[in-house]
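J.: For what it's worth, the working numbering labels the leading residue of the sequence shown as 684, then goes sequentially.
For every residue, glycine included, the Cβ atom is placed at its ideal position computed from N, Cα and C.
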Amino acid sequence: MNHKLQTSLKIQKSVLLPKVSQAPSNYMEMKMSQEMNTHYDYLFKVVLVGDEEDIKSSLLWAFTGTSDIVSGYKETIGVNFGINSLYLEDNTIKMQIWDISFSPRVQYLRTFYFKGSSGIIMVIKNWEDANACYKEIEAQCTRPLPVLLIYLNETPLNLPPSPIMNDVQFELIENGFSGIQWLAREMLNRRSIDEKPPIALYCLSRNELQETLHNLREAQQRSKLERLETLRKKRAEQLLFLKESLALMNIPVVDDIVSILSSEALFEVDILTREIDVFPLKCDHCRNSCKRQRQGRLCIIPASEGWSADLDHQSLLTLSSIYALTTGQLPKHVRDQINNILRCSKYCS
């Protein structure tokens, strides 16, 4: 793309979303926060069981945050839902936590609620409850699942003897957040293993319940902030690699926007948000300039794995999209999207 063509693009550009140069830090963090809330590498269903309904509800809040709990259903259908994301190494693990009521009136529904589970959080106040819950887990689940056992007591206690510990692996957990990390790691490692399930024990004092819940929420927030900082650094590196690749292709970038002019439309690719906007120049029917400014947005998806050690999957998709638009080598589904955006017969002269 030569300098003359680039000048014409600058004149015809329309104002779109706020550019990073206007609010670099807040805008980038907002987009990364949105990615964190929607992106995940693995999705697991976790069942929260036990007779201590108030404690379970409090733990569900501590695990997920009030805004992520779909509440009000336990009194009617016997279950509440929450969503929690954990970050282990380079993996984002999203957990759907089902807080199941152990009330006899919803006993016939529990079979459906256990279906598809990958892990269990069991809340008990004595070892008789543990045996009863564990027997139901064995009856309801089609394969052995890892269990995070939260034992409630008036004071911190040492491990007491229990029949459920005889035939299983066992690990002692120091705090609630470590317990959630343990469960996520076990679910990740045991996706295709049918051996005896491991059990982790976390002893929780009732006298320290509120402090424990508060600490758990703080640990969740710290983990999220650390993940956000990691994503920020990686995203900055990817933008640098992407701009260097575009420079080698002699494709200019202005305010993180790549502008591509064809005979029928102006394409603008935002390399930060990865959004592609289309501005029709002429009506596809009468070939006259449109009286009304219009725009549409393309959806381009990858067809295969990438081929660069420096660029991640999303950056490769952005680079490939820019190259395809520049050369006109577009797949049919993208060509159809462009034609739909260009179609504007009711605005013709």
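#1: Looking at Leu899: is its Cβ nearer than 8 Å to the Cβ of Phe860?
#2: Helix, strand or coil for Met870 per DSSP?
#3: My output table needs one value for Val732: the three-state DSSP class, helix, strand or coil.
#4: For the stretch 817 to 834 against the stretch 798 to 807, are there 3 or more C-beta pairs whose distance is under 8 Å?
#5: Under a Cβ-count criterion, where at least 16 other Cβ atoms within 10 Å of its own Cβ denotes burial, should Met870 be classed as buried or exposed?
#6: List the whole-angstrom C-beta distance separating Val732 from Met805, where the pair is believed to meet the contact cut-off of C-beta under 8 Å.
#7: Of all the options Gly765, Ser998, Leu887 and Leu1002, which has the alpha carbon lying nearest to the alpha carbon of Met932?
#8: Considering only residues of the same chain and omitting the five flanking positions on each side of Gln903, which have a CB-CB separation below 8 Å?
#9: Mapping the DSSP letters down to three states, classify Ile752 as helix, strand or coil.
#10: How about Thr1009 and Ile940: do their beta carbons lie closer than 8 Å?
#11: I need the boundaries of the alpha helix (DSSP H) containing Glu927, first residue and last residue.
#12: Look up Val937 in the DSSP assignment and say whether it is helix, strand or coil.
#13: Would you report the Cα separation of Leu944 and Arg1026, rounded to the nearest angstrom?
#14: What separation, rounded to the nearest whole angstrom, lies between the Cα atoms of Glu988 and Asp724?
#15: Asn1022: buried (16+ other C-beta within 10 angstroms of its C-beta) or exposed?
#16: Output the distance between the C-alpha atoms of Leu652 and Arg918, rounded to the nearest integer angstrom.
#17: With DSSP as the reference, please indicate the residues paired to Leu835 in a beta bridge.
#18: Flag this pair as yes or no: are the beta carbons of Pro880 and Pro829 separated by less than 8 Å?
#19: For Asp782 and Ile863, what's the separation of their Cα atoms in angstroms?
#20: Among the residues of its own chain, which have a CB less than 7 Å from the CB of Arg793, if the five just before and after it don't count?
#21: Over the uninterrupted alpha helix (DSSP H) stretch that includes Val1017, give me the two end residues.
#22: Is the distance from the Cβ of Lys818 to the Cβ of Glu735 below 8 Å?
#23: Between which two residues does the alpha helix (DSSP H) carrying Phe764 extend?
#24: So, with DSSP's three-state summary, where would you put Lys739?
#25: Report all residues from its chain with a CB closer than 8 Å to the CB of Ala948; omit the five preceding and five following residues, and keep chain order.
#26: Does the beta-carbon of Ile760 have 16 or more other beta-carbons within 10 angstroms, so that it is buried, or is it exposed?
#27: Could you have a look at Gln864 and say whether DSSP puts it in helix, strand or coil?
#28: Going along the chain, which residues of its own chain have a beta-carbon closer than 6 Å to the beta-carbon of Ile738, five neighbours each way excluded?
#29: Should Leu923 go down as buried or exposed, given a rule of 16 or more other Cβ atoms within 10 Å for buried?
T.: On the basis of the supplied data:
#1: yes
#2: helix
#3: Three-state DSSP puts Val732 in a strand.
#4: Verdict: yes, contact present.
#5: buried
#6: 5 Å
#7: Leu1002
#8: The residues are Ala745, Phe746, Gly748, Asn767 and Phe860.
#9: Unreliable placement is indicated for Ile752, whose pLDDT of 48 sits below 50; the coordinate value is still reported in the next sentence. It is a strand residue.
#10: no
#11: Leu892 to Leu931
#12: strand
#13: 18 Å
#14: Below a pLDDT of 50, predicted positions are generally treated as unreliable, and Glu988, at 48, falls in that range; the measurement from the model is reported next regardless. Distance between the alpha carbons of Glu988 and Asp724: 16 Å.
#15: When all chains shown are included, Asn1022 counts as exposed.
#16: Outside the shown range of the chain, which is 684 to 1032, sits residue 652, and nothing can be said about it.
#17: Leu887
#18: yes
#19: 15 Å
#20: Ile783 and Gln823
#21: Lys1015 to Leu1025
#22: Not closer than 8 Å, so no.
#23: No alpha helix (DSSP H) contains Phe764, which is instead part of the beta strand (DSSP E) from Val762 to Leu771.
#24: Helix.
#25: Val961, Phe962, Pro963, Leu964, Ile1021, Ile1024 and Leu1025
#26: The residue is exposed, with fewer than 16 neighbouring Cβ atoms inside 10 Å.
#27: helix
#28: Within the same chain, Val806 come within 6 Å of Ile738 by CB-CB distance, once the 5 residues on both sides are set aside.
#29: exposed
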